[in-house]
Every structure is written in C-alpha cells, then in structure tokens.
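Okay, so here's the structure we're looking at.
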Ligand code: PDD
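Residue numbers (my numbering): 1 to 275.
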C-alpha cells in the first residue's frame with residue numbers, strides 16, 4: 001500500500017513521471033519515521049522537521065498537517081506493520097526540466113511503510129567505521145533528497161568492509177553518512193552542535209533528553225577526529241539504528257573496543273521510551 005499523488009495505491013499502479021523534479025534534481029525533502037508496536041515514534045518531532053525542511057527549500061506542503069497525520073495513520077493501519085519504518089518524501093512537483101521553480105508544479109508526496117526489524121546484532125556488538133571528508137553542502141540540517149555525498153560515503157564503508165563513515169570537516173567530526181555521532185570521554189557526552197552542519201536527528205534529541213535525565217554532563221561542542229580516537233566510548237544514533245555502539249574507527253579500537261557502559265545505559269533507557 002502506497003500513498004502517491006493524492007491516493008492510496010498498490011505498488012504496481014504507481015506512475016512516476018520522468019518530469020518529477022525529485023528525479024531530475026533531487027528537488028525534494030523526506031522523513032523516515034520509526035514504527036514500534038504499530039505506533040509511529042516521535043511523530044510530531046518528525047513533522048516539525050518536515051515543515052522546517054519544506055519551508056527552507058521553499059516547497060509548499062501539498063496537504064495540511066492534519067491531512068498528513070491522517071495519511072500516516074491510514075498507511076500504518078493498512079500496512080499492518082508492527083516494527084518498521086514509514087518513508088515520506090515530497091518533491092517540488094512535475095514540470096519540464098528547468099532549474100528554476102516551475103510556475104504550476106504541484107508538490108508530489110509519496111509515502112509507504114516497510115517492515116524493518118530492530119538491528120539487534122549491531123546494537124549488542126557494535127559496528128566499525130572509517131573516516132572521510134564531509135563533502136556535503138552547508139545545509140545538512142535540511143532533510144533533502146540530495147543524498148549523493150551520503151550515498152558515496154556509505155558505499156565507501158561497504159567497500160572497506162565496515163558499516164559507517166564518520167564525516168569530518170578539516171578534522172572536526174560532524175556526523176555519519178546516515179546517522180548522528182556521540183562520544184564519551186571521562187564520563188562526559190560529546191556531540192556536534194545542532195547547527196547547519198548536521199541533521200538535527202530525532203534520535204539525537206531523545207538521547208540528549210535521556211542523558212540529562214541520567215544527570216550525565218553533555219557538551220554540544222565541536223570535537224576532532226583525534227578526540228574520537230581517544231574516546232572511552234562512541235555510538236551512532238538514528239531512526240533505524242537507534243543507539244548503535246561504534247567500537248572501531250580507522251582500524252583503531254575505541255576505548256576497549258567493545259560497547260561502553262554509558263552507551264549500554266542509554267540503550268536501556270531508550271528502549272523504555274517505546275516499550
Ligand atoms: N537518516 N544524520 C544523517 C545524515 C541522517 O541521514 C540521519 C537519518 C540521521 C539521524 O536522524 P534521525 O535520528 O532523525 O533518524 C543523522 C535516515 C534514517 C535515512 O536517511 O534513512
């Protein structure tokens with residue numbers, strides 16, 4: 001079951017226009033929502049981010065927020081998904097190829113749910129990463145369809161036999177190709193500030209809330225790749241990866257090379273937010 005251009009359709013009925021600006025230019029925005037026990041997790045926070053992305057790239061949402069909430073509810077119900085994700089994208093619409101905005105293009109929304117199990121193995125044992133230059137544009141806070149740098153980074157990880165790429169700008173760690181990054185040093189939690197250089201992750205926001213509740217000291221300040229090499233613990237956060245320990249970077253173990261104590265504590269607290 002898909003929502004595409006004003007109606008609920010089966011996958012085979014979809015007719016994506018070659019003139020869709022998402023297809024030509026990556027001219028659109030998206031969200032990935034998590035579904036736990038048949039319920040959408042932090043739905044309103046995702047909608048706030050969607051509205052902000054739309055506003056800053058000047059795409060007018062094709063439906064009211066009330067209508068979007070109804071579309072989400074219908075999709076989750078009809079898909080009968082218990083553990084999964086809901087993908088939603090809105091492109092600037094269909095028009096013959098020209099860079100400037102079309103005069104009459106109506107934004108096109110596509111949304112659907114997918115069964116996605118929780119990545120328990122990675123969450124229990126951790127993942128490995130390599131580092132790379134962050135070559136993205138200067139509005140990484142917007143969740144846009146322009147993901148070519150992220151795609152290239154993720155493939156570099158695959159080519160190196162690891163699971164993620166830690167991105168840095170001149171040695172300052174920003175985030176990863178499809179997740180945010182946090183590290184722990186001397187019991188202090190460090191993560192890049194939520195500015196234009198990173199996506200303001202919903203999971204990041206929840207984890208920071210949990211860290212405050214645990215009375216952990218938190219520093220949302222830039223840190224270097226060198227700091228990360230010296231960290232006691234590190235983990236990535238994201239809608240699909242939740243809190244996944246990062247146990248190795250650039251072939252060097254982080255801390256003792258196994259998931260850290262504070263990471264595990266946060267994982268436990270995170271699980272309680274949806275169980
Ligand atoms: N990605 N940073 C980047 C670059 C991301 O692509 C994502 C998520 C995050 C984490 O944000 P959140 O906690 O809101 O999921 C951080 C999604 C899942 C994706 O593109 O598939």
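Yeah, the Cβ is synthetic: ideal placement off N, Cα and C, and Gly gets one too.
For residue 150, which of helix, strand or coil comes out of DSSP? In this structure, residue 150 counts as helix in the three-state DSSP scheme.
Beta-bridge pairing of residue 49 - partner residues as DSSP gives them: DSSP, once it has assigned bridges, lists no residue as partnering residue 49.
Note down, in chain order, each residue of its chain lying with its Cβ closer than 8 Å to the Cβ of residue 63, except the 5 sequence neighbours on either side. Counting only Cβ-Cβ distances below 8 Å, and skipping sequence neighbours, we find 71 and 109.
Does the distance from the CB of residue 118 to the CB of residue 242 come in under 8 Å? Against a cut-off of 8 Å, the Cβ pair of residue 242 and residue 118 comes out as a contact.
Does the Cβ of residue 131 lie closer than 7 Å to at least one heavy atom of the ligand PDD? No, Cβ of residue 131 sits at least 7 Å from all heavy atoms of the ligand PDD.
For residue 124 and residue 83, believed in contact at Cβ under 8 Å, the rounded distance: About 17 Å separates the two Cβ atoms, so there is no contact after all.
Is residue 95 helix, strand or coil when you go by DSSP? Look at residue 95 here: in three-state DSSP terms it is coil, with no helix or strand label.
When burial is assigned at 16 or more other CB atoms within 10 Å of the CB, is residue 3 buried or exposed? Buried: at least 16 other Cβ atoms inside 10 Å.
Just mark residue 130 as buried or exposed, buried being the case when its beta carbon has 16 or more other beta carbons within 10 Å. In this structure residue 130 is buried. Its beta-carbon is surrounded by 16 or more other beta-carbon atoms within 10 angstroms.
Tell me, please, which residues DSSP counts as bridged to residue 176. Paired residues: 166.
Quick one: is residue 38 buried, meaning 16 or more other Cβ sit within 10 Å of its Cβ, or exposed? Counting of Cβ neighbours within 10 angstroms places residue 38 among the exposed residues, the total staying below 16.
Quick check: what's the CA-CA separation for residue 146 versus residue 214? So the alpha carbons of these two residues sit roughly 37 Å apart.
Rounding to the nearest angstrom, what Cα-Cα distance links residue 224 and residue 205 in this structure? Residue 224 and residue 205: Cα-Cα distance of roughly 21 Å.
Please confirm whether any heavy atom of the ligand PDD lies closer than 7 Å to the CB of residue 146. Taking non-hydrogen atoms of the ligand PDD into account, the C-beta of residue 146 is found less than 7 Å away from none of them.
Short Cβ contact (8 Å threshold) for residue 28 with residue 21: In this structure, residue 21 lies closer than 8 Å to residue 28 by Cβ.
Measuring only the C-alpha atoms, how far is residue 138 from residue 195? So the alpha carbons of these two residues sit roughly 10 Å apart.
Closest to residue 166 by C-alpha separation, out of 87, 188 and 136, would be which residue? With distances taken between Cα atoms, residue 166 lies closest to 136.
Residue 202 CB to nearest heavy atom of the ligand PDD below 7 Å: Yes, the Cβ of residue 202 comes within 7 Å of a heavy atom of the ligand PDD.
Chain D contact for residue 125 (CB, 8 Å cutoff): As a matter of chain content, chain D is missing from the structure shown, which is built from one protein chain.
List in chain order: all unbroken alpha helix (DSSP H) runs of 4+ residues lying wholly within the region 9-47. Fully enclosed alpha helix (DSSP H) runs of 4 or longer: 21-25.
From the DSSP output, read off the bridge partner residues of residue 132. Residue 132 is bridged by DSSP to 167.
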